[in-house]
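Structure first, then comments.
Protein chains: 2
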Amino acid sequence: MHSVTAFAPATVSNVGCGFDALGFAIDGTGDEVTAHFGGHGVTIDGIAADGGRLPRDPTRNTAGIAARALLAAIGEERGVALMLRKGLPLASGLGGSAASAAAAVVAVDALLEARTPIDLLIACALEGERMGSGSAHADNVVPAICGGLILVRDSHPLDFLHLPIPEGLTAVVVHPALEIETTAARALLGDTIPLADGVRQWANLGALVDALHRSDFDLMSRALVDAVAEPRRAGLVPGLDAIKRAAADAGALGAGLSGSGPSLFALCRNRQIGDRVAAAMTAAVSAHIPGVPQTYVSAVGAAGARVVATCVS
Amino acid sequence: MHSVTAFAPATVSNVGCGFDALGFAIDGTGDEVTAHFGGHGVTIDGIAADGGRLPRDPTRNTAGIAARALLAAIGEERGVALMLRKGLPLASGLGGSAASAAAAVVAVDALLEARTPIDLLIACALEGERMGSGSAHADNVVPAICGGLILVRDSHPLDFLHLPIPEGLTAVVVHPALEIETTAARALLGDTIPLADGVRQWANLGALVDALHRSDFDLMSRALVDAVAEPRRAGLVPGLDAIKRAAADAGALGAGLSGSGPSLFALCRNRQIGDRVAAAMTAAVSAHIPGVPQTYVSAVGAAGARVVATCVS
Numbered sequence: 057m058h059s060v061t062a063f064a065p066a067t068v069s070n071v072g073c074g075f076d077a078l079g080f081a082i083d084g085t086g087d088e089v090t091a092h093f094g095g096h097g098v099t100i101d102g103i104a105a106d107g108g109r110l111p112r113d114p115t116r117n118t119a120g121i122a123a124r125a126l127l128a129a130i131g132e133e134r135g136v137a138l139m140l141r142k143g144l145p146l147a148s149g150l151g152g153s154a155a156s157a158a159a160a161v162v163a164v165d166a167l168l169e170a171r172t173p174i175d176l177l178i179a180c181a182l183e184g185e186r187m188g189s190g191s192a193h194a195d196n197v198v199p200a201i202c203g204g205l206i207l208v209r210d211s212h213p214l215d216f217l218h219l220p221i222p223e224g225l226t227a228v229v230v231h232p233a234l235e236i237e238t239t240a241a242r243a244l245l246g247d248t249i250p251l252a253d254g255v256r257q258w259a260n261l262g263a264l265v266d267a268l269h270r271s272d273f274d275l276m277s278r279a280l281v282d283a284v285a286e287p288r289r290a291g292l293v294p295g296l297d298a299i300k301r302a303a304a305d306a307g308a309l310g311a312g313l314s315g316s317g318p319s320l321f322a323l324c325r326n327r328q329i330g331d332r333v334a335a336a337m338t339a340a341v342s343a344h345i346p347g348v349p350q351t352y353v354s355a356v357g358a359a360g361a362r363v364v365a366t367c368v369s
Numbered sequence: 057m058h059s060v061t062a063f064a065p066a067t068v069s070n071v072g073c074g075f076d077a078l079g080f081a082i083d084g085t086g087d088e089v090t091a092h093f094g095g096h097g098v099t100i101d102g103i104a105a106d107g108g109r110l111p112r113d114p115t116r117n118t119a120g121i122a123a124r125a126l127l128a129a130i131g132e133e134r135g136v137a138l139m140l141r142k143g144l145p146l147a148s149g150l151g152g153s154a155a156s157a158a159a160a161v162v163a164v165d166a167l168l169e170a171r172t173p174i175d176l177l178i179a180c181a182l183e184g185e186r187m188g189s190g191s192a193h194a195d196n197v198v199p200a201i202c203g204g205l206i207l208v209r210d211s212h213p214l215d216f217l218h219l220p221i222p223e224g225l226t227a228v229v230v231h232p233a234l235e236i237e238t239t240a241a242r243a244l245l246g247d248t249i250p251l252a253d254g255v256r257q258w259a260n261l262g263a264l265v266d267a268l269h270r271s272d273f274d275l276m277s278r279a280l281v282d283a284v285a286e287p288r289r290a291g292l293v294p295g296l297d298a299i300k301r302a303a304a305d306a307g308a309l310g311a312g313l314s315g316s317g318p319s320l321f322a323l324c325r326n327r328q329i330g331d332r333v334a335a336a337m338t339a340a341v342s343a344h345i346p347g348v349p350q351t352y353v354s355a356v357g358a359a360g361a362r363v364v365a366t367c368v369s
């Protein structure tokens, strides 16, 4: 049986002042999709490591929807069957929906040898992501596919850019043993924000982009503040302030919710500090939230989705 | 009589997506303040070119308040008399209050040979600006004093940065024969904005800063959009859409209100296009607004406030 397996990484979105606009890939965890020819349209053969909770119906599954969108977009009539292996926990704030969708389109594209343009792959993955999290978050999907540190300037039509990444910039990501549904977290935000909070947010995001270009870690630290989403979502993660303080005390440039939580990220100026911050954040999370947290330390802006296995038999 | 005269330039603030955060100095017009010793505290000897409309009371005059703040801040007990020459029209959106305040503190500082740190000069000028326009706009005052293209990351405490300016980047500024009071224009904004507009604004400002670093004029053009203030103020300037279209058709990267209007700015990738855009915008303004507009073409980020004459007699 000819099959292709693709991997897509976890992504941190809503980075500090970059709500709905800024995201980056990390290495160390992600989702995998194996695609082979078979059946009609898209079918889902199986899903591993989801605790039996994700729908097998391809019209209601992130990976299935993304794959269906791709087949439709390129006019492919052969059937494709998918096997999904969730490396990412559900409702974790690590871009799991985006990773499943990204891995699916990359696997199916490779299986079909379709060489689909990247913008179309992204558009199809966004279809899946919309199902998975209630709305289409290009700030997860684009880094899941392209890797890097991505600023989504506009979603309609999609316009994104790769931001520069200062040498050594390291992300710490801690996933507490909690689940937060993106749709519920989004409802906390409401539809409007104070103008003054908006001004703080765009001034900080402008400064953050400048800091990335100049490798100015001090400015980056001052700019890594979320004036909009995190204050309204802080109640979702017990001990959030203490965890962020622990990160800062250990030398982090800044910290906050990854996506809509419960995962937390911190940015650090090098790997050594990252390791220290990881230990401090993990301890602080354990002190406030029952269960065993998972912790990752990664360069900011890891590689995006790619084929990891091709089997011909 | 020993006197010092300082000039401070006009400034464009609220640049596109940079509402309350982004401003730059232009050359060709500004305010002048002459300071000499005399009297008690700060007195205002005279004001030229204001049509008799600005208050001579130093506690109610932008330049007077800024000078008083400086004397208080450095513990100066000698009296200082000011003469203000308005090069900038009142309520023009060209940072006139900021220019008067900036010229005042620079002139007084030089007269006193006080070598006041720049942050303190800015703080004192902001006191004056607060009187002049109803709130303290660091995005006018900082470029009026320092020159350049300035991103104000935070006002309390003040934290600003000089953004890079791509070679050739040219500003066109057209002042229609209208007046718009900043306080009235601000009232149009309300206290809240839709979250979705906020996301557009910070995504665009992040992209604009990236574009400035890369000299990416195409990205700059896509990012030079104000999703927040201009849509709510568009009614203040008759023909705004047509004027902006004329600028774009003539090759501008983007255009919009300067400050809270009525002046309009456009950014252009070089001086030659700037001259063409200036002609097109001036014609469009004349077609929609009675009276003779004033037009300036300048490098973006001209020099800031400086002493232009020192008289010892």
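Taken in sequence, the protein lines are chains W and Y. Going letter by letter, the first sequence gives residues 57 to 369 in this note's numbering. Going letter by letter, the second sequence gives residues 57 to 369 in this note's numbering. Each residue gets a CB set at the ideal place from its N, CA and C atoms; glycine is no exception.
In the DSSP annotation of this structure, the continuous segment of the alpha helix (DSSP H) that includes Pro199 (chain W) starts and ends at 194-202. Excluding the 5 residues flanking it on each side, Leu126 (chain Y) has same chain C-beta neighbours closer than 6 Å at Val161, Val164, Cys180, in chain order. Burial is judged here by how many other beta carbons sit within 10 angstroms of a residue's own beta carbon; Glu235 (chain W) has fewer than 16 and is exposed.
Nearest C-alpha to Ala192 (chain Y) among Y:Val363, Y:Glu133, Y:Ile121: Y:Ile121. The stretch 86-102 of chain Y makes no contact with the stretch 334-347 of chain W; the number of CB pairs closer than 8 Å stays below 3. DSSP places Asp274 (chain W) in the uninterrupted alpha helix (DSSP H) bounded by 273-279. When the Cα atoms are used, Ser153 (chain Y) and Ser271 (chain Y) turn out to be separated by approximately 32 Å. As computed with DSSP, Glu88 (chain W) is found in a beta bridge with W:Phe63, W:Arg141. When Cβ-Cβ separations below 8 Å define contact, Arg289 (chain Y) makes no contact with chain W. It is roughly 42 Å from the alpha-carbon of Arg325 (chain Y) to the alpha-carbon of Gly307 (chain W).
Closer than 8 Å to the CB of Ala154 (chain W) there is not a single CB belonging to chain Y.
Think of a sphere of 9 Å around the beta carbon of Cys73 (chain W): the chain Y residues whose beta carbon falls inside it are Trp258, Gly262, in chain order. Going by beta carbons, Ala322 (chain W) and Ala311 (chain W) fall inside the 8 Å limit. Within chain W, the C-beta atoms nearer than 9 Å to that of Pro250 (chain Y) come from Asp247, Thr248, Ile249, in chain order. Boundaries of the alpha helix (DSSP H) harbouring Ile121 (chain W): 118-130, taken from the DSSP string. Contact between the stretch 342-357 of chain W and the stretch 219-238 of chain W is present: 3 or more CB-CB pairs across the two stretches fall below 8 Å. Leu251 (chain W) and Thr248 (chain Y) do touch by the CB rule: their CB atoms are close to 6 Å apart, below 8 Å. The C-beta of Phe93 (chain Y) has fewer than 16 other C-beta atoms within 10 Å across all chains shown, which makes the residue exposed.
Of Y:Met276, Y:Leu264, Y:Ala159, Y:Ser59, the smallest CA-CA separation from Ala123 (chain Y) is found for Y:Ala159. Inter-segment contact for the stretch 101-118 of chain W and the stretch 61-74 of chain Y is absent: fewer than three beta-carbon pairs are separated by less than 8 Å.
Distance between Ala285 (chain Y) and Gly347 (chain W), taken at the CA atoms: about 47 Å. With 16 or more other Cβ atoms inside 10 Å of its own Cβ, Asp195 (chain Y) counts as buried. Val368 (chain Y) counts as exposed, since fewer than 16 other beta carbons sit within 10 angstroms of its beta carbon. CA-CA distance, Thr90 (chain Y) to Ala365 (chain Y), rounds to 9 Å.
A contact is defined here as three or more CB-CB pairs under 8 Å, and the stretch 58-67 of chain Y fails this definition with respect to the stretch 254-269 of chain W. Apart from sequence neighbours up to five positions away, the residues of its chain that approach Ala241 (chain W) with a beta-carbon distance below 7 Å are Arg289, Leu292, Ser316, Gly317, ordered along the chain. For the pair Leu207 (chain Y) and Ala259 (chain W), the CB atoms are nearer than the 8 Å cut-off.
Among the residues facing chain Y, Asp76 (chain W) is included, as its CB has a counterpart in that chain under 8 Å away.
Put simply, of Y:Arg327, Y:Gly360, Y:Arg116 the residue whose alpha carbon is nearest the alpha carbon of Met187 (chain Y) is Y:Arg116. Ala322 (chain Y) has Y:Val228, Y:Ala311 as its beta-bridge partners, per DSSP. When the five nearest sequence neighbours on each side are left out, the beta carbons in the same chain lying within less than 6 Å of the beta carbon of Pro222 (chain Y) are those of Ser271, in order along the chain. Gly86 (chain Y) has its alpha-carbon roughly 9 Å from the corresponding atom of Ala361 (chain Y). Nearest neighbour of Gly108 (chain Y) by Cα position, chosen from Y:Pro145, Y:Ala77, Y:Glu133, turns out to be Y:Pro145. Shown here for Glu132 (chain Y): same chain residues with a beta carbon closer than 8 Å to its own, the five before and five after excluded, namely Leu126, Leu168, Ala170 in chain order. Short of 8 Å from the beta carbon of Leu309 (chain Y), and not among the five residues preceding or following it, lie these beta carbons of its own chain, in chain order: Phe273, Met276, Ser277, Leu280, Ala322, Leu323, Cys324, Arg325.
Of the residues Y:Lys300, Y:His218, Y:Ala358, the one whose Cα lies closest to the Cα of Ala340 (chain Y) is Y:Lys300.
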